[in-house]
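Taking the UniProt record's numbering, the leading residue of the sequence shown gets 1, the next gets one more, and so forth.
Even for Gly, the Cβ is constructed at its ideal location relative to N, Cα and C.
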Amino acid sequence: MKKVEIRVRQTEKMAILEVSGELDYSNVEQLQQEIQRRPEEVVEINLRELKFIDSSGAGMLLNQARHLYRQGRSLRIVCIPDHIREDLELIGFFRVLEILKADPDA
1 MKKVEIRVRQ TEKMAILEVS GELDYSNVEQ LQQEIQRRPE EVVEINLREL
51 KFIDSSGAGM LLNQARHLYR QGRSLRIVCI PDHIREDLEL IGFFRVLEIL
101 KADPDA
């Protein structure tokens, strides 16, 4: 199993999850559960230290963004390393997030 580490910081209205290591099918549930247990209006995912993400990790982030959006909350993904941003762009990750921002029924 590949290793992912999640450090959590929080303010009154925002949780910041700093993710490092590799996010893939073997550990994606760990981050999903952490996102789901957050009560804050905004959950920010900082990927600065992430080395790798596979399609299950990207899919989970999109599903969680959709879930929070429907609750009137938001998921922010910040500090994406260039090599990961390129992979996410190839699969249309950012187009889906833009649709979520524009259409509550997405």
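Between the CA atoms of residue j and residue i - distance to the nearest angstrom
| i | j | result |
| --- | --- | --- |
| L47 | P39 | 20 Å |
| K3 | R70 | 30 Å |
| V19 | R76 | 13 Å |
| S26 | G57 | 10 Å |
| E49 | E86 | 16 Å |
Where the beta strand (DSSP E) through residue i begins and ends
| i | result |
| --- | --- |
| R9 | 4-10 |
| R66 | Not the beta strand (DSSP E): R66 falls in the alpha helix (DSSP H), residues 55-70. |
Minimum C-alpha distance to residue i - residue among the options
| i | options | result |
| --- | --- | --- |
| L23 | G59, H67, S74 | G59 |
| L97 | C79, R9, Q64, D82 | Q64 |
| R37 | D82, V8, K51, G92 | V8 |
| V42 | H83, R66, G21 | R66 |
DSSP-derived helix/strand/coil call for residue i
| i | result |
| --- | --- |
| R73 | coil |
Min CB distance residue i to chain B below 8 Å
| i | result |
| --- | --- |
| R66 | You won't find chain B in this structure, because it holds only one protein chain. |
Element boundaries [alpha helix (DSSP H), containing residue i]
| i | result |
| --- | --- |
| I84 | 82-90 |
Practice problem: Within the region 10-58, note down every full beta strand (DSSP E) run reaching 3 residues or more, in order along the chain. | Solution: 14-23, 42-53
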